[in-house]
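Counting in the working numbering, the sequence shown runs from 11 upward without gaps. Where is the CB? At the ideal position from N, CA and C, for every residue including glycine. Structure record follows, encoded as structure tokens.
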Amino acid sequence: MQAKTKNRLTILFTVVLFTAPVVVAYLLSSGLIEYKPDGTKNNGRFISPLVKIADHANGPWVDQLNDHWTLIRRVPGSCEPGCEQLQDELLRYRLSLGHRAEKLELMLMTDQSLSAGEDLFPLVKKVSLAGNQALQGVMDQLSVESLGNGDGLYVVAPEGFLMMAFTAQNSSSEIIKDLSLLVKRKGD
């Protein structure tokens, strides 16, 4: 092969090497080629559109949702007598994160006032939505994507948005895997 031909092939190869990714990116973004990956890393369902809790509720507990991940277990009506079991479940999810556990806050949300008895789970914030019809309605709608019948298990991002719902089909290990990925997101 002559040097002139070899140089031309080298230039052509270099041009194709650097333009091919641009052409592929353009085709994928333009919609001419429809590509959807088979799987994703997450097991929960992303809530779309995102719901900012501060738009539907106010109070000191809403401000406490910022700057960390929060796992919310919502129970319609009253959770008595199962409140302790639900709080224990939330605490187990947090403990499973090991050294990143402090990055996850826990919240039990009910539609009725909670009893003021002895608090066996001080790490779980208890919130009553009594009188807050707007947020109750939003949570009822989101329940369709989660556990159903008003129940739900949700993740709130550090920016205060409800962003992920877990379904009854999600196993504990899948939920823990998603929570581990999320708490890693904000720097160590």
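In the three-state scheme derived from DSSP, where H, G and I count as helix and E and B as strand, A175 is classed as strand. With a minimum length of 3 residues, the unbroken runs of beta strand (DSSP E) contained wholly in the region 96-132 fall at 114-120. Contact between F171 and L163 does not hold, since the beta-carbon distance rounds to 16 Å and is not under 8 Å. In this structure, DSSP gives K187 a helical state, which the three-state scheme calls helix. DSSP links S138 through a beta bridge to T120. Between the C-alpha atoms of A64 and L27 there is a straight-line separation of about 49 Å.
In the displayed model, V85 falls within a strand according to three-state DSSP.
For S183, the closest C-alpha among the options T20, D77, E90, R102 is that of R102. Taking the C-beta atoms as reference points, A178 is found no nearer than 8 Å to L152. Note: G147 is not bridge-paired with any residue in the DSSP secondary-structure output. Distance from M174 to I57 at the Cβ level is roughly 6 Å; contact confirmed, criterion being Cβ atoms closer than 8 Å.
For S181, no alpha helix (DSSP H) encloses it, and the DSSP letter there is neither H nor E. For Y164, the uninterrupted beta strand (DSSP E) run begins and ends at 162-166, by DSSP. Annotation: the continuous alpha helix (DSSP H) that includes L37 extends over 13-40. Contact check between the region 72-91 and the region 114-125: three or more CB pairs, one atom from each, fall below 8 Å, which counts as touching.
In this model, L38 and K51 are separated by some 21 Å (Cα to Cα). Residue L189 holds the alpha-carbon nearest to the alpha-carbon of L107 among L189, F131, G41. If you check the CB distance, V137 and L100 do not come in under 8 Å. Beta-bridge annotation (DSSP): R55 is paired with A175. A Cβ-Cβ separation of about 19 Å leaves E169 out of contact with R55 under the 8 Å criterion.
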